[in-house]
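Take a look at the structure set out below.
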Amino acid sequence: MDLIGSYRVKKLEFAVFSPDILNLVILFLLDWQGSLLKSQ
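In the working numbering, the protein residues as written are 7 to 46.
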């Protein structure tokens, strides 16, 4: 598995095991920012 793939899996596990909504929002923003950088 490539680095991005394993990062996504880790992120999903973190999101599932973390009840903190703020963490989910931060992860979403990081993912959105990452996809913006990739599209440039």
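From the three backbone atoms N, C-alpha and C, an ideal C-beta is built for every residue, glycine too.
Boundaries of the alpha helix (DSSP H) in which residue i is found, first to last residue
i: Gln46; result: Element bounds for Gln46: n/a, residue is neither H nor E.
Residue i Cβ short of 7 Å to the ligand MG heavy atom set
i: Leu30; result: As presented, the structure is devoid of all ligands, the ligand MG included, so that no description of it is given.
Close beta carbons around residue i, own chain, < 6 Å, minus the five adjacent residues each side
i: Lys17; result: Leu33
Residue i in three-state terms, based on DSSP
i: Asp26; result: coil
i: Asp8; result: coil
Of the residues the options, the one placed nearest residue i, counting alpha carbons only
i: Trp13; options: Gly40, Gln46, Ser45; result: Sequence check: residue 13 is Tyr here, not Trp. The residue with the shortest Cα to Cα distance from Tyr13 is Gly40.
7 Å CB neighbourhood of residue i in its chain, flanking five on each side removed
i: Leu36; result: none
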